[in-house]
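Start counting the sequence shown at 3; every next residue gets the next number (the numbering used here). Note that the Cβ used here is the ideal one computed from N, Cα and C, for glycine as well. Quantities reported herein were computed from a predicted structural model and do not represent experimental measurements. Structure record follows, encoded as structure tokens.
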Amino acid sequence: ALAGLIRRHGVTLAMGVPTVWLGLVDHLDRTGGETPSLKRIVVGGSGIPDALRERLENRLGVRVQTSWGMTELSPMGTLSPPATVAEGSGRTAMGLDMQLFDADGVALPQQRNVVGRLKVRGHSVVERYYGHAETALDAEGWFDTGDLAQIDDAGNLTLSGRSKDLIKSGGEWINPAEMEDIVGALPSVDLVAVIGRADPKWGERPVMVIAPRQGETVEDAAVVAALKGRVADWWLPDRIVTVPQMPLAATGKINKMELRALYGAA
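Structure follows, in structure tokens:
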């Protein structure tokens, strides 16, 4: 349906989450179809793996722009320039300020090339949610996005995952996004998600859920080999689950809440 709409209306620019574009390029590979009018894709909602970005550029002949935003920002927060190779999620929109904080809500003394909890403020940022009397901002007017991110020397934002998705194992944090990026680059992997499973000894341990590409199989040994040496051994998932189809939320993002309900119990 999406490919047909693009062809029928001569669409040149389209925006969507990574799973939308993964579905499109998979469909075109299966059918041999093309979308010749499409010149530029803006990806947001979640980070796009390098392997998917390269696949889109090579298969569709498009320029991929990365972005970051939220409904609470109305909605654009950052956008990478169209004429450059994507660097993270790009730089901030005019009138929006970003700052990184620690887990206690204290601004990090060093704001460049470190990971922190991202807060924003500006005229386009929500003040309060509908039906709620209390403000959504802190005392200094910052809105807590719930995202973990870093900002490079040029001001480009790179997301490092959602704070609520972090897994605390034996008192130490595991960042699922790092493992998802590594395993998501394997040619046999379509979608991958890492969640925490309750563990009586460690508190939580990681479970990796993988949806292979059509006609492909993903061996556990290949997954572990890809991760070895790139993450700490104690980050390695205790369990790897292969599913025929990854559950998606209405937004097109992977539904981690459903995955936790299925695989998160001890």
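{"Query": "Top-ranked residue by Cα proximity to M248, from D240, P239, K258", "Result": "K258"}
{"Query": "C-beta contact flag for L81 and G92 at 8 angstroms", "Result": "yes"}
{"Query": "Nearest-angstrom Cα separation, counted from G47 out to F145", "Result": "18 angstroms"}
{"Query": "Through-space distance from A135 to A252, alpha-carbon basis", "Result": "28 angstroms"}
{"Query": "Any 3 or more C-beta pairs closer than 8 angstroms across the segment 184 to 191 and the segment 125 to 143", "Result": "no"}
{"Query": "Buried versus exposed, by CB contacts within 10 Å (16 or more), W23", "Result": "buried"}
{"Query": "Local Cβ density within 10 Å of W175, reported as buried at 16 or more and exposed below that", "Result": "exposed"}
{"Query": "Length of the line joining the Cα atoms of T147 and G124", "Result": "13 angstroms"}
{"Query": "At least three beta-carbon pairs within less than 8 angstroms, the segment 153 to 173 to the segment 199 to 206", "Result": "yes"}
{"Query": "Proximal residues to D154 (C-beta, below 8 angstroms), its chain only, five neighbours per side dropped", "Result": "E89, G90, R114, N115, T160"}
{"Query": "Whole-Å CB distance - K255 paired with T73, under 8 angstroms assumed", "Result": "Not quite, the Cβ-Cβ distance comes to about 13 angstroms (not below 8 angstroms), so this is no contact."}
{"Query": "Alpha carbon of A227 to alpha carbon of I184, nearest angstrom", "Result": "11 angstroms"}
{"Query": "Local conformation of P246 per DSSP, three classes", "Result": "coil"}
{"Query": "Close Cβ partners of A53 (< 6 angstroms) along its chain, the five nearest in sequence each way excluded", "Result": "A187"}
{"Query": "Whole-Å CB distance - R61 paired with V27, under 8 angstroms assumed", "Result": "5 angstroms"}
{"Query": "For T37, the three-state DSSP class (helix, strand or coil)", "Result": "coil"}
{"Query": "Delimiting residues of the beta strand (DSSP E) encompassing E206", "Result": "205 to 214"}
{"Query": "Proximity of S69 and V44 at Cβ, strictly below 8 angstroms", "Result": "yes"}
{"Query": "Burial state of R241 (16 or more Cβ within 10 Å)", "Result": "exposed"}
{"Query": "Anticipated Cβ contact below 8 angstroms, S162 with N177, distance rounded", "Result": "6 angstroms"}
{"Query": "Residue of E36, M17, G18 minimising C-alpha distance to A5", "Result": "E36"}
{"Query": "Every unbroken beta strand (DSSP E) inside the segment 114 to 153 [3 residues or more]", "Result": "118 to 124, 145 to 153"}
{"Query": "Among M210, I8, I50, Q101, nearest to L150 - alpha-carbon criterion", "Result": "Q101"}
{"Query": "Span of the alpha helix (DSSP H), counted from its first residue to its last, around V225", "Result": "222 to 229"}
{"Query": "R232 versus K41: straight-line alpha-carbon distance, rounded", "Result": "35 angstroms"}
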